[in-house]
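Undergrad: Got a structure for you, written out below as structure tokens; questions coming shortly.
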Amino acid sequence: MNGLTKLALKRLSRTARPYLKSAGLLQVSGVYNRSALVFEPGAERVVALAPHMDDETIGCGGTLALHARRGAQVSVVFLTDGRHGSSALATLPAEQRAAGERALVATRKREARAALAKLGLSEPMFLDAEDGALAECAWAAAGLRAILLEHRPELVYLPFYLEEHRDHRATSRVLLDAVAGTPLDFECAGYEVWTPLFPNCLVRIDETMPIKKEALAQYESQLADADYLHASVGLNMHRSIGLLGSRGGYAEAFHVSSLRDFREQHARYGAAE
439 MNGLTKLALK
449 RLSRTARPYL
459 KSAGLLQVSG
469 VYNRSALVFE
479 PGAERVVALA
489 PHMDDETIGC
499 GGTLALHARR
509 GAQVSVVFLT
519 DGRHGSSALA
529 TLPAEQRAAG
539 ERALVATRKR
549 EARAALAKLG
559 LSEPMFLDAE
569 DGALAECAWA
579 AAGLRAILLE
589 HRPELVYLPF
599 YLEEHRDHRA
609 TSRVLLDAVA
619 GTPLDFECAG
629 YEVWTPLFPN
639 CLVRIDETMP
649 IKKEALAQYE
659 SQLADADYLH
669 ASVGLNMHRS
679 IGLLGSRGGY
689 AEAFHVSSLR
699 DFREQHARYG
709 AAE
């Protein structure tokens, strides 16, 4: 293990102590046994950021459901409105396209509410930045700041800053701008949707995988374009390799850091488009 990895693990064990079990180093296998901890979600105050409606279920739905079952206060914030989420609308005349986009936004919000209900979560919040243009949204950070100051999370889930989709990457910038100048401090848990990450944290989701599948199935308009359900289940099956003694199980993978370390890492590795 190189010096950078050792330093990252030392920081992780120090800053994430309330959330990650030190004994987790003995609970993972193979390549992860020197770099990943096993996290048991509890009753933390949690905010989950999803640039699009379905990202939260794909990336951390099983984990959020575990939090909810264990008494956590879980708030999900959708950052964009999903208006450009259907390729079929792109070929329509302008007026028809605008009407189709409004209908799609309503559909995606309805599906999101149904998905979160399956996970045992409460009514979501919608910032309604333009889909595909989160990085250019001048007011998203202020809207998110108000939510964070109200809910005072201990743990924030968001797409990892090296995700392939530009809205996913922009979520990190919005979060950092939102907390600038505030007393807010929390752990950041980067999740994977489009781009697999090298995790320092694994969550066993065998208990909640059935309802994660049910939740993702609510996104009928999304699944019409791509089989996200198949891909998500496959990734969670693969991640279970990192859990000692797992046979036929499922896991979600994260990169967890303190807000301070997240800010430094993002500046070094994730800030460039």
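Under the working numbering, the final residue of the sequence shown carries the number 711; numbering is consecutive throughout.
Built from N, CA and C at the ideal position, the CB exists for glycine as well.
Since we're looking at a predicted model, the values are computed, not measured.
#1: Which partner residues of F598 appear in the DSSP bridge assignment?
#2: Does DSSP classify M563 as helix, strand or coil?
#3: Quickly, what does DSSP pair E625 with across the bridge? List them, please.
#4: Where does S678 land, buried or exposed, given buried means 16+ other C-beta within 10 angstroms?
#5: Evaluate S670 with the Cβ neighbour count: other Cβ atoms within 10 Å of its Cβ, from every protein chain shown; 16 or more gives buried, anything less gives exposed.
#6: Are there 16 or more other CB atoms within 10 angstroms of the CB of E702, so buried, or fewer, so exposed?
#7: Inspect the CB distances between the segment 495-505 and the segment 589-602 and report whether three or more fall short of 8 Å.
#8: By Cβ distance below 6 Å, which residues in the same chain neighbour R642 in space, the five residues on each side in sequence not counted?
#9: What residues in its chain sit with their C-beta under 6 Å from that of E482, if we drop five residues either side in the sequence?
#10: At what residues does the alpha helix (DSSP H) containing A573 begin and finish?
#11: Please name the residue or residues paired with V515 in a DSSP beta bridge.
#12: Which residues mark the beginning and the end of the beta strand (DSSP E) in which R677 is found?
#13: Throw me the rounded Cβ distance for the L559 and V512 pair, which I believe falls under 8 Å.
#14: Whole angstroms are fine: how far does the CA of A474 sit from the CA of L504?
#15: Quick check on this structure: which residue in V543, A536, A506, L502 has the alpha carbon closest to the alpha carbon of Q660?
#16: Which complete alpha helix (DSSP H) runs does the segment 631-665 hold, if anything under 4 residues is left out?
#17: Determine the extent of the alpha helix (DSSP H) in which R611 is found, giving its start and end residues.
#18: Helix, strand or coil for A705? Go by DSSP, reduced to three states.
#19: Counting pairs of beta carbons, one from the segment 650-659 and one from the segment 570-584, are three or more of them closer than 8 Å?
#20: With a threshold of 7 Å on Cβ separation, who are the neighbours of T501 within its own chain once the five nearest residues in sequence on each side are excluded?
#21: Return the chain-ordered list of same chain residues with a C-beta closer than 7 Å to the C-beta of E601, the five sequence neighbours on each side being excluded.
#22: Does the distance from the C-beta atom of L565 to that of A578 stay below 8 Å?
#23: For E533 and E652, what's the separation of their Cα atoms in angstroms?
#24: On the CB-based measure, 16 or more other CB atoms within 10 Å of its CB, does P621 come out buried or exposed?
#25: May I have the straight-line CA-CA distance separating S684 from L635, to the nearest angstrom?
#26: Roughly how many angstroms lie between the CA atoms of D492 and G619, to the nearest whole one?
#27: Compare the beta carbon distance of H522 and D569 with 8 Å and say whether it is the shorter of the two.
#28: Considering only their Cβ atoms, is the gap separating K556 from I649 smaller than 8 Å?
TA: According to the structure data:
#1: Residue 598 sits at position 160 when you count from the first residue of the sequence shown. In DSSP, F598 forms no bridge with anything.
#2: For this step, residue 563 is matched to residue 125 along the sequence shown. Residue state, collapsed to three classes: strand.
#3: Along the sequence shown, one-based indexing puts residue 625 at 187. DSSP links E625 through a beta bridge to L593, S696.
#4: Within the sequence shown, residue 678 is the residue found at index 240, counting from 1. Buried: at least 16 other Cβ atoms inside 10 Å.
#5: The count along the sequence shown starts at 1 and reaches residue 670 at position 232. Under a 10 Å Cβ-count criterion, S670 is classified as buried, with 16 or more other Cβ atoms of the shown protein chains found around its own Cβ.
#6: Sequence index remark: in the sequence shown, residue 702 carries index 264 (1-based). By the neighbour-count rule (16 or more Cβ atoms within 10 Å), E702 is not buried but exposed.
#7: With the cut-off at 8 Å, the segment 495-505 and the segment 589-602 touch.
#8: Position 204 of the sequence shown, counting from 1, holds the residue named residue 642. Around R642: L681, A689.
#9: Walking along the sequence shown from the start, residue 482 turns up at place 44. Cβ within range, chain order: A510, E592, L593.
#10: For the purposes of this step, residue 573 is identified with residue 135 of the sequence shown, where counting begins at 1. Segment: none, A573 is in no alpha helix (DSSP H) and carries neither H nor E.
#11: Taking the first residue of the sequence shown as position 1, residue 515 is located at position 77. Within the DSSP bridge table, the entry for V515 names L487, M563 as partners.
#12: Indexing the sequence shown from 1 puts residue 677 at position 239. Careful: R677 lies outside any beta strand (DSSP E), inside the alpha helix (DSSP H) at 666-677.
#13: Working through the sequence shown from its first residue, we reach residue 559 at position 121. Working through the sequence shown from its first residue, we reach residue 512 at position 74. So it is a contact: roughly 5 Å between Cβ atoms.
#14: As a first step, residue 504 is located in the sequence shown; it is residue number 66 there, counting from the start. As a first step, residue 474 is located in the sequence shown; it is residue number 36 there, counting from the start. A straight line joining the alpha-carbon of L504 with that of A474 spans about 19 Å.
#15: Residue 660 sits at position 222 when you count from the first residue of the sequence shown. Of all alpha-carbon atoms in V543, A536, A506, L502, the one lying nearest the alpha-carbon of Q660 is that of V543.
#16: Fully contained in the segment 631-665 are the following alpha helix (DSSP H) runs of length 4 or more, in chain order: 647-655, 658-661.
#17: Taking the sequence shown and counting its residues from 1, one reaches residue 611 at position 173. Counting along the chain, R611 sits inside the alpha helix (DSSP H) bounded by residues 604-617.
#18: Here residue 705 is taken as the residue at index 267 of the sequence shown, counted from 1. Residue state, collapsed to three classes: helix.
#19: Segments in contact, no.
#20: If you number the sequence shown from 1, residue 501 lands on position 63. Excluding the 5 residues flanking it on each side, T501 has same chain C-beta neighbours closer than 7 Å at P479, V641, I643, E690, in chain order.
#21: Locating residue 601 in the sequence shown gives position 163, counting from the first residue. Contacts found: R607, V631, W632, T633.
#22: In the sequence shown, the residue the question calls residue 565 occupies position 127. In the sequence shown, the residue the question calls residue 578 occupies position 140. Yes, these two residues count as a Cβ contact at 8 Å.
#23: For the purposes of this step, residue 533 is identified with residue 95 of the sequence shown, where counting begins at 1. For the purposes of this step, residue 652 is identified with residue 214 of the sequence shown, where counting begins at 1. Rounded to the nearest angstrom, the two C-alpha atoms are 35 Å apart.
#24: Residue mapping note: residue 621 aligns to position 183 of the sequence shown, counting from 1. Of the residues assessed, P621 falls on the exposed side of the cut-off, its CB having fewer than 16 other CB atoms within 10 angstroms.
#25: By 1-based counting over the sequence shown, the position of residue 684 is 246. By 1-based counting over the sequence shown, the position of residue 635 is 197. Note on geometry: alpha-carbon atoms of S684 and L635 lie some 20 Å from one another.
#26: The residue you call residue 492 lines up with position 54 of the sequence shown. The residue you call residue 619 lines up with position 181 of the sequence shown. C-alpha separation (whole angstroms): 31 Å.
#27: Your numbering for residue 522 matches position 84 in the sequence shown. Your numbering for residue 569 matches position 131 in the sequence shown. Result yes, Cβ atoms of H522 and D569 sit closer than 8 Å.
#28: Translated into the one-based positions of the sequence shown, residue 649 becomes position 211. Translated into the one-based positions of the sequence shown, residue 556 becomes position 118. In contact: I649 and K556 (Cβ atoms closer than 8 Å).
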